[in-house]
Amino acid sequence: MLSSCTRTLAALALSAVAATATAAFPDRELSGVIMWGAGGATDVVARALAPHAEAALGKKIVLTNRPGGTGAISTNFVINAPADGYTLLFGAENPQLHQVLQLADFGYEKFFPVSILGRGVAVVVVKSDSPWNSLKDFVEDAKKRPGKLKMGSTGPGGLPHTVGSMLNSVTKFQVISVPFDGEGPGMTALLGGHVDMMPVGVGAAAENIKAGRVKALAVIDGEALSIAGQSVPPVTRDYPEFGKYLPWGPFYGVWVRRDTPDDVKAVLVRAFRAAAENPQFVTLMKDRGNVPMSTSGVEADAFLKKWQSVTAWVLQDVGAAKASPDKFGIPKP
Amino acid sequence: MPEAVSYFFMSWANPYLLFLTAAGTFAGIYVGAIPGLSVTMAVSILISFTFKWHVNEALALIAGIYLGGVYGGARSAILLNIPGAPSAIATALDGYPLAKRGEAGTAIGLTTVMSVLGGFLGIAALAIGAPMLSDLALLFAPRDYLLLAIWGILLVGSLSGESLAKGVFAGALGVLIGMVGLDPMTAEGRFTYGSVQLSAGIPYVAAMIGFFGVAEVLVQLHQLGVTPIKQNVRKIVPAWGLVKKYLPLSARTSAIGVCIGALPGAGGDIAALMAYDHAKRTTKDPSRPFGEGAYEGIVAPETANNAAVPGAYIPMLTLGIPGDAVTAVIIGALYIHGMKPGPMLMIETPHLFWFCVGNLVLANIFLLPMGLSGIRIFAKIVETPKAILLPLILVLSAVGTYAIENNPVHVYWMLGFGLLGYFLKMYGFQVGPVILGIILGPLIDASYRRAMISVADTPLDFLAEFFTSPISAILVAALAFTVLSQSRAWSAFMGRLRGAPAH
Chain U
25 MLSSCTRTLA ALALSAVAAT ATAAFPDREL SGVIMWGAGG ATDVVARALA
75 PHAEAALGKK IVLTNRPGGT GAISTNFVIN APADGYTLLF GAENPQLHQV
125 LQLADFGYEK FFPVSILGRG VAVVVVKSDS PWNSLKDFVE DAKKRPGKLK
175 MGSTGPGGLP HTVGSMLNSV TKFQVISVPF DGEGPGMTAL LGGHVDMMPV
225 GVGAAAENIK AGRVKALAVI DGEALSIAGQ SVPPVTRDYP EFGKYLPWGP
275 FYGVWVRRDT PDDVKAVLVR AFRAAAENPQ FVTLMKDRGN VPMSTSGVEA
325 DAFLKKWQSV TAWVLQDVGA AKASPDKFGI PKP
Chain A
17 MPEAVSYFFM SWANPYLLFL TAAGTFAGIY VGAIPGLSVT MAVSILISFT
67 FKWHVNEALA LIAGIYLGGV YGGARSAILL NIPGAPSAIA TALDGYPLAK
117 RGEAGTAIGL TTVMSVLGGF LGIAALAIGA PMLSDLALLF APRDYLLLAI
167 WGILLVGSLS GESLAKGVFA GALGVLIGMV GLDPMTAEGR FTYGSVQLSA
217 GIPYVAAMIG FFGVAEVLVQ LHQLGVTPIK QNVRKIVPAW GLVKKYLPLS
267 ARTSAIGVCI GALPGAGGDI AALMAYDHAK RTTKDPSRPF GEGAYEGIVA
317 PETANNAAVP GAYIPMLTLG IPGDAVTAVI IGALYIHGMK PGPMLMIETP
367 HLFWFCVGNL VLANIFLLPM GLSGIRIFAK IVETPKAILL PLILVLSAVG
417 TYAIENNPVH VYWMLGFGLL GYFLKMYGFQ VGPVILGIIL GPLIDASYRR
467 AMISVADTPL DFLAEFFTSP ISAILVAALA FTVLSQSRAW SAFMGRLRGA
517 PAH
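Going line by line, the protein sequences match chains U and A. Going by the working numbering, the first sequence wraps up at 357, each residue one higher than the last. Going by the working numbering, the second sequence wraps up at 519, each residue one higher than the last.
In C-alpha cells:
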C-alpha cells in the first residue's frame with residue numbers, strides 16, 4: 025500500500041517535472057551543429073539565421089562546425105545526442121544521398137525537419153568569351169566532339185555532377201567532368217579557362233554574371249529567372265523532357281531527431297518559422313540566389329522524399345550510385 | 017582619388033574603429049600563439065558576434081585578428097617548438113634552436129620587425145597590383161598547382177637533418193597520413209576501413225600539434241635534470257644593421273608570400289615553407305647553419321606568412337574568391353552584412369577596397385609595439401621549471417586539438433602522433449618532412465589527377481601542356497633550375513666558369 029502510494033506520488037512528481045520542463049523549453053542554451061566548414065554556404069545561412077531564432081526562443085544557440093564525410097560526421101553526432109530538442113542540425117541536401125553513396129546508413133528520414141529554409145536554383149554558366157550562347161549550342165558542340173569539352177564539378181553527388189548527369193540522361197552529351205574542392209574553386213577554374221562549362225548555384229554565379237565575366241545559358245528550373253538584371257531562359261525551353269526532374273536544387277534547413285517530443289518540436293517550428301521569415305534573413309537568402317521556403321513537418325518531408333527519389337535514381341542511372349536506391353526503399357520518381 | 021584617401025584613413029580617424037583594430041590585433045597575437053586556436057575559428061565565431069554591427073566595424077576587428085594571429089603563431093613556435101598556426105611551422109625549425117641558445121628575446125624581436133615589414137610589402141602589392149595579380153592567379157591551371165607542390169616537396173631535402181633517406185621516409189609517411197579519408201575526386205574511402213571518423217580524414221593541425229608539441233614534451237622528459245637556459249632579454253629590438261642586412265632576403269620572401277597568398281589554392285603555410293626553402297638555398301653564409309638557429313631561417317617564413325595575408329585579400333576583394341580559409345570566412349561575413357562579394361564589389365562598393373587596405377596598414381602598425389612589448393615575460397616561459405611547463409603544454413595541446421572541430425577523436429590522433437613523433441625523433445627522423453607531406457601530398461594528388469582528367473587521360477597531351485602554357489613553362493624551368501643547381505655537375509660547371517678567366 026505504502027509502496028504503491030509512494031510510486032504514485034513519485035510518478036506524479038515526475039510528470040510534473042516533465043511537464044514544467046517541456047513547458048519551459050528551452051530552459052538553457054541550445055547547441056547548433058553546422059554540417060559544413062566555416063565560410064561555406066551552409067555556414068553562412070546558419071550563422072545568419074541563428075540570431076533571429078535566438079530572439080524567438082529567448083536562449084542562445086551555440087554554433088559549432090562539424091564538417092567532414094560529406095556531412096556524415098554531423099548527422100552521426102546529432103543522432104547520438106539526446107532527443108530533447110537541444111541539439112539542432114543545420115544542414116544541406118547531402119544526407120539524402122548518404123545511403124546510395126554509402127557514406128552513412130541513414131539520411132534525413134531519421135530527423136524531423138524543423139524548417140526547410142529555402143532551395144537554391146542551379147544555373148549553367150560558360151566563360152563570356154566562349155562561342156556558346158545557349159544551352160543547345162553547348163550540348164550540340166559537345167555531341168559533335170564527345171569527351172573533349174570540360175565541365176567543372178565538385179565530385180559525385182554534388183550539384184554540378186547531378187545536373188550534368190540529368191543533362192546527360194536527357195541529351196546523351198558527353199563531357200569530361202573535372203572535380204574541384206567546391207563551387208568556388210570550380211568557378212575560379214572556369215574564369216581561368218581551365219574548364220568550359222559548369223552548373224553552379226545561382227548565388228555562386230550571380231556577381232560574375234553581373235560583371236560580364238561569365239554567360240548564363242540556362243537555369244535548372246521550370247521558368248525563366250532574372251539574374252543580375254538579365255532574364256535567363258529555363259532548361260526546359262531547349263529540353264522540355266528535363267521537366268520531370270524539377271523543381272530541383274540544393275537546399276538548407278534545420279533538423280532535430282525525429283523522436284524529439286512533439287511539444288518541443290512545436291516550439292522549435294514556431295521559432296524557426298519566425299526566424300526564416302525575418303526580412304533580413306529573406307534578403308540574404310534572395311541575395312545568394314535561393315528561393316525562400318520556410319516549410320516544416322509533413323510538407324517538408326514530402327519535399328525531402330521527392331528530392332531524394334529524383335536525385336538518387338539519376339545517380340543510379342548514370343552509374344554513380346554505389347548502392348541501388350531500391351535497397352533503401354527509395355521509390356522511383 | 018581624394019575619396020580613396022578618405023576611405024583609407026577612415027579607421028584611423030574614427031576612435032571606435034581605431035580601438036577595434038587595436039583590440040583585434042592584440043587578441044589575434046594570443047589566439048595565434050595558442051596551438052589549435054586558429055584565426056579561422058576566431059573569425060567565424062566573431063561573425064555571429066558582429067552580426068548587428070556595422071560592416072566596417074566587423075572588418076576592422078577581423079583585419080586585426082587576421083594579421084595579429086598569423087604573426088602570433090611564431091611565438092609558441094620559437095618558445096616551445098609548437099607552431100601556434102600552420103603558417104609558423106617553418107619558423108619553429110630555426111626559432112626553437114635560437115630559444116635553446118638563450119636568444120628567444122632576440123628571435124621574437126626580429127620576427128616582429130620582419131613580420132611588420134612583410135606585411136607592409138604585401139599591403140603595397142595589394143594596393144598597387146590587386147587586379148593584375150588576381151588575373152594572374154586565375155591563369156594557374158591544375159598542372160601549375162602540381163608543379164608548385166612538387167617544388168614545395170623538394171623541401172624534404174632541406175628538412176631531413178642527418179639523413180636524406182630518413183627525410184624521404186618521413187615525407188612519405190606524411191603523404192600517407194594526408195591520404196586518409198574520402199578521395200576528393202570520387203568520394204571513395206581511402207584507408208578508412210568503413211569508419212565514419214576516418215572518412216573525415218585526419219586534420220593536419222592535429223597531426224602538427226602531436227608531432228611538434230607532444231613529441232617535444234616526451235623528448236624533454238629525458239632532460240628533466242638539465243636546468244633551463246637563461247634567456248638574454250636585454251636586446252629585444254633588433255639593431256638596424258641586422259634589419260638592413262636581411263632587407264634583400266625579406267623583399268624576396270615577401271614577394272613569395274604575396275604571390276602564394278593570392279593563389280586561391282595555397283595559403284600562408286605553403287608560402288612560409290617555400291620562403292624558408294628559398295632562404296636556405298640562396299643564403300651563402302647564414303648567421304649559423306640552418307636548423308641550428310639561423311636568423312635567415314626565421315626572417316624568411318615570418319615575412320612570407322604576413323605578406324600572404326594581404327595576398328589573400330587580393331582575389332577576395334577583386335573577384336570574390338577566397339585566397340585562403342580565413343578570407344573564405346570573411347566573404348561569408350560580407351554576405352551576412354548585405355554586401356555581395358564578387359567582381360562587382362570594387363565597382364559597386366569602391367570604398368571597401370581602400371577601407372580594407374587602410375585597415376591592414378593600421379593593424380600592421382599596431383603589430384609593431386604590441387609584438388615588441390611583453391617579450392621579456394614571454395621569454396621567461398622557456399625558463400619555467402619543466403614540472404610545470406610540460407604538463408601545461410600537454411593540456412594546451414589537448415584543448416587546442418579538441419577546438420579544431422570539437423571532435424574528441426582528433427585528440428586521440430594528436431596523442432598517437434605525439435608518441436609516434438617521439439620515437440621518430442629518438443631514431444633521428446625529423447618531423448618537419450611529415451608535416452610537409454601531409455600538407456603537400458593531397459595537393460599533388462588532387463592537382464595531378466585534375467590535370468590528367470582535363471586532358472582526357474592522354475599522357476602526351478598532359479606532357480605537352482607543361483611547355484605550351486607560359487606559366488607552366490616558367491615553373492618547369494624554375495623547378496629544373498632548383499634541382500640542377502644542387503647537383504655536382506652544376507657546381508663543377510660554375511667552378512670552371514669562375515676559374516676560366518684566371519687561365
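Note that CB positions come from ideal geometry on N, CA and C, so glycine has one too. Model, not experiment: these values are computed from the prediction.
- Taking A/Y46 as the reference, give the member of A/V259, A/L33, A/Y82 and A/E73 with the closest Cα. Reading the second sequence from its first residue, position 30 is the one you call residue 46 of chain A. Measuring from the Cα of A/Y46, the nearest candidate turns out to be A/Y82.
- Under the rule that 16 or more other beta-carbon atoms within 10 Å means buried, what is U/N157, buried or exposed? Position 133 of the first sequence, counted from the first residue, corresponds to residue 157 of chain U. It is exposed - the Cβ of U/N157 has fewer than 16 other Cβ atoms within 10 Å.
- Item | Host alpha helix (DSSP H) of U/N104 (start-end) | Counting from one through the first sequence, the residue named residue 104 of chain U turns up at place 80. Element bounds for U/N104: n/a, residue is neither H nor E.
- Using the C-alpha atoms, what's the distance from U/K160 back to A/A285? For the purposes of this step, residue 285 of chain A is identified with residue 269 of the second sequence, where counting begins at 1. For the purposes of this step, residue 160 of chain U is identified with residue 136 of the first sequence, where counting begins at 1. The residue you asked about is not Ala; residue 285 of chain A is Asp in the sequence shown. The straight-line gap from Cα to Cα measures roughly 44 angstroms.
- For U/R143: DSSP bridge partner residues: As a first step, residue 143 of chain U is located in the first sequence; it is residue number 119 there, counting from the start. Answer is U/F275 and U/V315, bridged to U/R143.
- Taking any Cβ of chain U, which residues in the segment 213 to 230 of chain A have a Cβ under 8 angstroms from it, in chain order? Q213, S215, A216 and G217
- Between the segment 307 to 328 of chain U and chain A, which residues of the former have CB atoms less than 8 angstroms from a CB of the latter, in chain order? T307, L308, D311 and R312
- Message: For A/G336, would you say it is in contact with chain U, using Cβ-to-Cβ distances shorter than 9 angstroms as the test?
- Response: The sequence position of residue 336 of chain A within the second sequence is 320, counting from 1. Yes - at least one Cβ of chain U is within 9 angstroms of the one on A/G336.
- Cβ-based neighbour list, A/P158, same chain, cut-off 7 angstroms, excluding 5 preceding and 5 following: As a working mapping, residue 158 of chain A is identified with position 142 in the second sequence. The answer, listed in chain order, is S463, R466, A467 and S470.
- Distance, A/R297 Cα to A/G226 Cα: The residue labelled residue 226 of chain A in the question sits at position 210 within the second sequence. The residue labelled residue 297 of chain A in the question sits at position 281 within the second sequence. Distance between the alpha carbons of A/G226 and A/R297: 29 angstroms.
- Query: Any Cβ of chain A within less than 9 angstroms of the Cβ of U/D67?
  - Reply: Here residue 67 of chain U is taken as the residue at index 43 of the first sequence, counted from 1. Output row for U/D67: interface = yes.
- Message: Let me make sure I understand the geometry here. Which of A/P317, A/S507, A/V415 and A/A480 has the alpha-carbon closest to that of A/G277?
- Response: Along the second sequence, one-based indexing puts residue 277 of chain A at 261. Answer by Cα proximity: A/P317.
- Query: Between the Cα of U/V57 and the Cα atoms of U/K83, U/N89 and U/D341, which residue gives the shortest distance?
  - Reply: Along the first sequence, read from residue 1 onward, the residue named residue 57 of chain U stands at position 33. The shortest Cα separation from U/V57 among U/K83, U/N89 and U/D341 belongs to U/N89.
- Return the chain-ordered list of same chain residues with a C-beta closer than 6 angstroms to the C-beta of U/L26, the five sequence neighbours on each side being excluded. Residue numbering aside, residue 26 of chain U sits at position 2 when the first sequence is read from its first letter. Residue confidence is low: U/L26 scores 47 on pLDDT, short of 50, so the model does not pin down where it sits. No coordinate-derived value is stated.
- Measure from the C-beta of A/V274 to each C-beta in chain U and report whether the shortest distance is under 9 angstroms. Here residue 274 of chain A refers to the residue found at position 258 when the second sequence is read from its first residue. Answer no: the Cβ-Cβ gap between A/V274 and chain U never drops below 9 angstroms.
- Under 8 angstroms from the C-beta of A/R466: neighbouring residues of chain U: The count along the second sequence starts at 1 and reaches residue 466 of chain A at position 450. Here the neighbours are V202, P203 and F204.
- Given A/Y443 as reference, the closest of A/I393, A/I455, A/Y311 and A/S179 once Cα atoms are compared: Residue numbering aside, residue 443 of chain A sits at position 427 when the second sequence is read from its first letter. Nearest C-alpha to A/Y443: A/S179.
- Helix, strand or coil for U/Q332 per DSSP? Taking the first residue of the first sequence as 1, we reach residue 332 of chain U at position 308. Here U/Q332 sits in helix by DSSP.
- Compare the beta carbon distance of A/G348 and U/D67 with 9 angstroms and say whether it is the shorter of the two. Working through the second sequence from its first residue, we reach residue 348 of chain A at position 332. Working through the first sequence from its first residue, we reach residue 67 of chain U at position 43. Going by C-beta atoms, A/G348 is nearer than 9 angstroms to U/D67.
- Item | Helix, strand or coil at A/Q502 according to DSSP, with G and I counted as helix | The residue given as residue 502 of chain A occupies position 486 in the second sequence. Residue state, collapsed to three classes: coil.
- For A/T243, count neighbouring Cβ atoms within 10 angstroms of its own Cβ and tell me buried if that reaches 16, exposed if not. Within the second sequence, the letter at position 227 stands for residue 243 of chain A. So A/T243 counts as exposed.
- Message: Could you tell me which whole beta strand (DSSP E) segments of length 3 or greater appear in the segment 195 to 220 of chain U?
- Response: 200 to 203
- Along chain U, which residues have their Cβ under 8 angstroms away from the Cβ of A/M360? Looking up residue 360 of chain A in the second sequence gives position 344. Near A/M360 (Cβ distances below 8 angstroms), the residues of chain U are E231, K234 and A235.
- Message: Taking the alpha-carbon of A/P323 as reference, which of A/I139, A/T299 and A/K68 has the nearest alpha-carbon?
- Response: Translated into the one-based positions of the second sequence, residue 323 of chain A becomes position 307. The sequence shown places Ala at residue 323 of chain A, rather than the Pro named in the question. Nearest of A/I139, A/T299 and A/K68 to A/A323, Cα basis: A/I139.
- Item | Through-space distance from A/G48 to A/L13, alpha-carbon basis | In the structure as shown, chain A starts at 17 and stops at 519, and residue 13 of chain A therefore has no counterpart that could be examined.
- Quick one: is A/V59 near chain U, going by C-beta distance under 9 angstroms? Numbered from its first residue, the second sequence carries residue 59 of chain A at position 43. Closer than 9 angstroms to some Cβ of chain U, the Cβ of A/V59 qualifies, so yes.
- Query: If you compare alpha carbons, which of A/S131, A/A287 and A/P424 is closest to A/G339?
  - Reply: Within the second sequence, numbered from 1, the residue matching residue 339 of chain A stands at position 323. Closest by alpha carbon: A/A287.
- U/N118 in three-state terms, based on DSSP: Walking along the first sequence from the start, residue 118 of chain U turns up at place 94. Of the three classes helix, strand and coil, the one that applies to U/N118 here is helix, per DSSP.
- Message: Is the separation between the beta-carbon of A/T299 and that of A/L263 shorter than 9 angstroms?
- Response: Position 283 of the second sequence, counting from 1, holds the residue named residue 299 of chain A. Position 247 of the second sequence, counting from 1, holds the residue named residue 263 of chain A. Cβ atoms of A/T299 and A/L263: not closer than 9 angstroms.
- Task: Mind checking who U/P223 pairs with in its DSSP beta bridge?
- Result: Stepping through the first sequence from its first residue, residue 223 of chain U is reached at position 199. For U/P223, which the question treats as bridged, DSSP gives the partners U/V148.
- Does the beta carbon of A/G48 sit closer than 9 angstroms to a beta carbon anywhere in chain U? As a first step, residue 48 of chain A is located in the second sequence; it is residue number 32 there, counting from the start. For A/G48, the answer is no, since every Cβ of chain U falls outside 9 angstroms of its Cβ.
- Start and end residues, alpha helix (DSSP H) containing U/V243: In the first sequence, counting from the first residue as 1, residue 243 of chain U sits at position 219. Segment V238 to V243 is the beta strand (DSSP E) holding U/V243; no alpha helix (DSSP H) there.
- Query: U/K174 touches chain A at which residues, Cβ-Cβ below 8 angstroms?
  - Reply: Taking the first residue of the first sequence as position 1, residue 174 of chain U is located at position 150. Residues of chain A passing the Cβ test: S470.
- Message: For A/I404, count the other beta carbons within 10 Å of its own beta carbon; 16 or more makes it buried, fewer makes it exposed. Which is it?
- Response: Here residue 404 of chain A refers to the residue found at position 388 of the second sequence. Exposed, since its Cβ has fewer than 16 Cβ neighbours within 10 Å.
- Message: Counting C-beta neighbours from all protein chains within 10 Å, is the total for A/H238 16 or more, i.e. buried, or is it exposed?
- Response: As a first step, residue 238 of chain A is located in the second sequence; it is residue number 222 there, counting from the start. Exposed.
- Can you tell me the Cα-Cα spacing of A/A480 and A/T474, whole angstroms? What you label residue 480 of chain A is simply residue 464 of the second sequence in a count that begins at 1. What you label residue 474 of chain A is simply residue 458 of the second sequence in a count that begins at 1. Taking the straight line from one Cα to the other gives about 10 angstroms.
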